[in-house]
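Which chain is which? The protein sequence lines are A and B, in order. FYI, the numbering for the first sequence is 1 to 135, going by the numbering used here. FYI, the numbering for the second sequence is 1 to 135, going by the numbering used here.
There are 2 protein chains.
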Amino acid sequence: MNIGEASNSSGLPAKTIRYYEDIGLISPDRTSNGYRDFSHTHMHKLAFLSRARGLGFTIEDCRTLMSLYEDTDRASADVKAMAREHLEKMEDKIEELKAMQATLSVLVNKCHGDNRPDCPILQGLAGENTEEGML
Amino acid sequence: MNIGEASNSSGLPAKTIRYYEDIGLISPDRTSNGYRDFSHTHMHKLAFLSRARGLGFTIEDCRTLMSLYEDTDRASADVKAMAREHLEKMEDKIEELKAMQATLSVLVNKCHGDNRPDCPILQGLAGENTEEGML
DNA sequence: CTAAGGCTTCCAGTGACTGTAAGGTCAAGG
DNA sequence: CCTTGACCTTACAGTCACTGGAAGCCTTAG
Chain A
1 MNIGEASNSS GLPAKTIRYY EDIGLISPDR TSNGYRDFSH THMHKLAFLS
51 RARGLGFTIE DCRTLMSLYE DTDRASADVK AMAREHLEKM EDKIEELKAM
101 QATLSVLVNK CHGDNRPDCP ILQGLAGENT EEGML
Chain B
1 MNIGEASNSS GLPAKTIRYY EDIGLISPDR TSNGYRDFSH THMHKLAFLS
51 RARGLGFTIE DCRTLMSLYE DTDRASADVK AMAREHLEKM EDKIEELKAM
101 QATLSVLVNK CHGDNRPDCP ILQGLAGENT EEGML
């Protein structure tokens, strides 16, 4: 299977697959003409990577997860700990985004949004109207 | 006011302030010894940038927002449109994170997390147990 | 034989900083 | 006057995870 097919069936761009090879996440074989040759096992790894990245794990997390996957003696506790840590980070990020959203929403709702130059959003960013300590 | 004081009072790292100068967001004066010298106006701009970045606007958004702030003829509708677009992006990001979180939570809850190698999280990443089309 | 499309490598760019090195400046203490 | 330490300066490299582009080889269809 060459890189185009591997890309199609994994959903990962060919560029990304080459990058994963560069950083040592996968090591496809090569055919006599120098083209990459992806076996079933390689495709399985690509699918694994695609899913793990899709869940927001970092590349280094993926590296660890793959090695845990290939280590039949691993303890599931290790994996669970990683996953939980990642869930926490996502939760933190969500809370951060929600807080930004809330603050900006207040400003947006105050803004009439017409052709006049008066703009509570800019005033808020400039530090005016911060009596509520919102920024 | 030198960069250390500017950093303390704006909450932005000195490195970041220098970077903002590099990319043309601020242009502090210089004293005879070559040190940056931040006036009250510069401090106001730094505070503006700090708030806008804190709300998740990109650097380019900040550039636009600052020029709108300084343009007393701007239409508040322009600012409101930018802010709304940004709110939408944040909402999309939140939804994306929530979806990842939900999927990973299911896997984490299935995992007993002990010393045994059996691990539903890794199995999920590997594409097993995807009967519910969850990944 | 040629043209299109896929493959290869390598290098540079993204965003928004952050780290580090090498060196100039300043104020206080001895 | 000298030193020490805390500032400040610049310039360059590194981060993360790709992504774009150029230059050139390989394969397949017509």
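We treat Cβ as the ideally placed atom computed from N, Cα and C, and that holds for glycine.
Check                                                                                                         : Outcome
Interface residues of chain A facing B/M1 [CB-CB closer than 7 Å]                                             : Residues of chain A passing the Cβ test: none, with the nearest at roughly 17 Å.
C-beta atoms of A/M100 and B/L55 nearer than 8 Å                                                              : yes
CB contact below 8 Å: A/A52 versus chain B                                                                    : yes
With 16 other Cβ atoms within 10 Å as the buried cut-off, status of A/A141                                    : There is simply no residue 141 of chain A to check, as chain A begins at 1 and stops at 135 in what is shown.
Under 8 Å between C-beta atoms of A/E67 and B/R116                                                            : The question names Glu, yet the displayed sequence has Ser at residue 67 of chain A. No, the Cβ-Cβ distance between A/S67 and B/R116 is not below 8 Å.
Start-to-end residues for the alpha helix (DSSP H) that takes in B/G34                                        : Here B/G34 belongs to no alpha helix (DSSP H), and DSSP marks it neither H nor E.
A/G113 burial status per 10 Å Cβ neighbour count (16 or more: buried)                                         : buried
Selection from A/S27, A/S39, A/L87 and A/H42 that minimises the alpha carbon distance to B/S105               : A/L87
Sequence-distant residues of the same chain with beta carbon closer than 8 Å to B/M43, five excluded per side : M1, A6, S9 and S10
Assigned secondary structure, A/N8 (DSSP; H/G/I helix, E/B strand, else coil)                                 : helix
Beta carbon proximity, A/Y20 to chain B, threshold 8 Å                                                        : no
Unbroken alpha helix (DSSP H) run spanning B/E60, endpoints                                                   : I59 to E70
Outcome for A/K15 when other beta-carbon atoms lying within 10 angstroms are tallied against a minimum of 16  : exposed
Exposed unless 16 or more other CB atoms sit within 10 angstroms - verdict on A/G124                          : buried
Cβ-based burial, B/Y20 [other Cβ within 10 Å; buried from 16]                                                 : buried
Short-range partners of chain B found in the segment 87-104 of chain A, where Cβ spacing is below 8 Å         : L87, M90, E91, K93, I94, L97, K98, M100, Q101, T103 and L104
Which listed residue (B/K89, B/D29, B/R53 and B/T41) has its alpha carbon closest to that of B/E70            : B/T41
is_contact[B/L46, chain A] using C-beta, thresh 8 Å                                                           : no
Proximal residues of chain B, C-beta to C-beta of A/T72 below 7 Å                                             : P117
Cα-Cα separation between A/C62 and B/D61, rounded to whole angstroms                                          : 33 Å
Contact list for the segment 8-38 of chain A against chain B, Cβ threshold 7 Å                                : none
Assigned secondary structure, B/A75 (DSSP; H/G/I helix, E/B strand, else coil)                                : coil
Where the alpha helix (DSSP H) through B/T1 begins and ends                                                   : The question names Thr, yet the displayed sequence has Met at residue 1 of chain B. That residue, B/M1, is in no alpha helix (DSSP H); it is neither H nor E in DSSP.
7 Å Cβ shell around B/D78 - same chain, five flanking residues per side excluded                              : L68
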